[in-house]
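Undergrad:
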Amino acid sequence: MRWLVAGAVAGAAMAAAGGAAAQQAPGDATAGYALAQSWCAGCHFVDQQEMRAKDAVPSFAAVAAMKSTTELSLQAFLQTNHHNMPDWRLTRQQVDDVVAYILTLRPKAS
Ligand code: HEC
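When we follow my numbering, the leftmost residue of the sequence shown carries the number 625, and every step to the right adds one.
(1) Of the choices R713, K691, F684, whose alpha-carbon is the least far from that of V723?
(2) If I726 sits next to L698, beta carbons under 8 Å apart, how far is it from one beta carbon to the other, in whole angstroms?
(3) When burial is assigned at 16 or more other CB atoms within 10 Å of the CB, is G666 buried or exposed?
(4) Checking the sheet assignment: what are the DSSP bridge partners for V681?
(5) Around the C-beta of T693, are 16 or more other C-beta atoms found within 10 angstroms, so that it is buried, or is it exposed?
(6) Are A653 and T728 closer than 8 Å when you measure CB to CB?
(7) Quick one, which of L702, P650, P682 has its alpha-carbon nearest F669's?
(8) Return the CA-CA distance between A686 and H706, expressed in angstroms with no decimal places.
(9) Can you determine whether any heavy atom of ligand 1 sits closer than 7 Å to the C-beta of G651, and answer yes or no?
(10) Looking at A688: is its Cβ nearer than 8 Å to the Cβ of R730?
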């Protein structure tokens, strides 16, 4: 199933590059997905439409669906200390990428 998700992400990234799409983070959502798989999936469910929390850790789809979630709020969160993560250091590019990925999980306005 993983290729399906990756395809959806790539599609979303291309749609965003296509222009008038709502404001997107300057990151690369495909790279962000790979980063999420290796860095974040131990605690969070990171896949599209996965709304379950894992041991009270919200899934990325659930984070994306919160009204309070914006590009800025995610960047601020990820640039400060993360719960239980010793010495948490993402580069600016990694933050942008993973933020771009999380924002692709937003429920589409219907
Ligand atoms: C060691 C476990 C762990 C890892 C690894 C982890 N997280 Fe988290 N994350 C948590 C927990 C626990 C919470 C909820 C409590 C909190 O807000 O600190 C959380 C909350 C969040 C939230 C905020 C949700 C909200 O309520 O606003 C975001 C965004 C997030 N994580 C992103 C990430 C990203 C991106 C990565 C990988 C780069 C990551 N996390 C890796 C444990 C983890």
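Heads up, the beta-carbon is just placed ideally off N, CA and C, and yes, glycines get one too.
TA: According to the structure data:
(1) F684
(2) 6 Å
(3) exposed
(4) K678
(5) buried
(6) yes
(7) P682
(8) 17 Å
(9) no
(10) yes
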